[in-house]
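For my numbering, add 4 to where a residue sits in the sequence shown, where the first one is 1. The beta-carbon is built from N, C-alpha and C at its ideal position, and this holds for glycine as well. Just so you know, these numbers come straight off a predicted model, no measurement behind them. One structure below.
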Amino acid sequence: MKTVLFLFFSLRPRQWIKNGFILLPLIFAQQLFDPVRLLTSIQAVAVFCGLTGAVYLFNDYLDREEDRHHPVKRHRPLAAGLISPRLVLASAAGLLLFALLWGFYVGRGFFFILLIYLGIQLLYNLRLRDVVILDVFCVACGFFLRVIAGAVVIGVPLSRWIIICTILIAMFLVLSKRRHELITLGKVEAGKHRQVLSHYSAHLLDQMIGITTGGVLLSYLLYCTSPETVKKFRTEHLIYTFPFVLYGIFRYLYLIYQKQEGGSPEKIILSDHPLLASVLLWLISCVLILYGVL
């Protein structure tokens, strides 16, 4: 039983919150209460949970030696020697096959997105993880592909504003994570754990975080006030969701710079109550406005 639990924890269930990005096209296409499309989107989320779980298992297998020298990752079941590498590899292969078969059943276009995601993950693990800046783009691309998958699976067009906002918020989260790794481990130790970190500095990452922060806020503000958005949703009230976004970004910056957090975005969102409240209030207010309640 312990082995099963250790294997489950290796799937990173906390990370599954990222798959919520798949639901954004459903919400902003005003199809949230369409039972068929809702069920299809939920299936897409489940498939991505399985697929990303398999990728995490493969990553743990490949990085098990490096993880043993990391202050946090050394506690992962495989790095800690609680489960065997052979079991992890076999479980990853089985879960990957299951996720791909289910994804093919959900839709051909969706299946194609899964293959692209896997291809990027493969390139990242084999080479691009050690290429400065491109490593960040590869990780951020995972968020972007989730949003594309969410639109493809229910057959709705993807707003260019959602694309821009998703890319920028993803870059913001990934850069914050890189900064946390660099600050926590120190430049020398960080470079030993993740080679690409030796090419970064706290100053450079702070500059890039500042750029993406401004980009997120400006792009969302332009989206809320654009004539295209007002015409599509027949309301000018979406601007009232901006304070929740502004507070959420500021709160995250506070946690990064004052509390030295940022290494695990999903952990921060789930554990920091003010940040979680801002995300939930943003979602609720968007639904109420987009679906004509407000």
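DSSP places A96 in the uninterrupted alpha helix (DSSP H) bounded by P89 to V110. Secondary structure at M212: helix, using DSSP grouped into helix, strand and coil. DSSP, read as helix, strand or coil, puts T245 in helix. Looking only at Q199, Y244, L226 and V297, the smallest Cα-Cα distance to D134 is reached by Q199. Within the same chain, no Cβ atom closer than 6 Å to the Cβ of D276 is found once the five residues on either side in sequence are excluded. Counting only residues of its own chain and dropping the five nearest sequence neighbours on each side, L242 has a CB closer than 7 Å to the CB of C228, T233 and I293. The three-state reading of DSSP puts S230 in coil, since its state is none of H, G, I, E or B. Restricting attention to C53, L130 and Q264, the CA atom closest to the CA of A206 is found in Q264. Contact check between the segment 213-224 and the segment 160-178: three or more CB pairs, one atom from each, fall below 8 Å, which counts as touching.
L82 sits close to S14, with the two beta carbons spaced by under 8 Å. A residue is called buried once 16 or more other Cβ atoms fall within 10 Å of its Cβ, and Y128 is buried on that count.
In this structure, the beta-carbon distance from V110 to T44 falls below 8 Å. The C-alpha of E185 lies about 21 Å from the C-alpha of V59. Cα atoms of I273 and F108: separation of roughly 32 Å, rounded to the nearest angstrom.
Taking the C-beta atoms as reference points, L226 is found no nearer than 8 Å to F246.
Listed in chain order, the non-local C-beta contacts of P161 below 6 Å within the same chain number zero, local neighbours out to five positions each way being set aside. Two segments are said to touch when three or more pairs of C-beta atoms, one from each, lie closer than 8 Å; by this definition the segment 36-51 does not touch the segment 65-72. When C-beta atoms of the segment 19-36 are compared with those of the segment 148-158, three or more pairs fall below 8 Å, so the two segments count as touching. V136 places its beta carbon less than 8 Å from that of Y204. Assignment of S289 by DSSP, reduced to helix, strand and coil, places it in the helix class. Here L279 really is in contact with R255; their C-beta atoms are around 5 Å apart, less than 8 Å.
In the DSSP assignment, S180 falls within the unbroken alpha helix (DSSP H) covering R164 to L189. Boundaries of the alpha helix (DSSP H) harbouring R150: L138 to I158, taken from the DSSP string. Cβ-Cβ separation between T188 and G267: approximately 7 Å, consistent with a contact (criterion under 8 Å). The segment 88-99 makes no contact with the segment 27-42, as fewer than three CB pairs between them are under 8 Å. The beta carbon of M212 sits closer than 7 Å to the beta carbons of L179 from its chain, once the five residues preceding and following it are set aside; these are given in chain order.
P269 counts as buried, since at least 16 other C-beta atoms from the protein chains shown sit within 10 angstroms of its C-beta. For E270, the three-state secondary structure derived from DSSP is helix. With a contact defined as Cβ atoms closer than 8 Å, I260 and R183 qualify at about 7 Å.
In this structure, the alpha-carbon of A33 lies about 25 Å from that of Y251.
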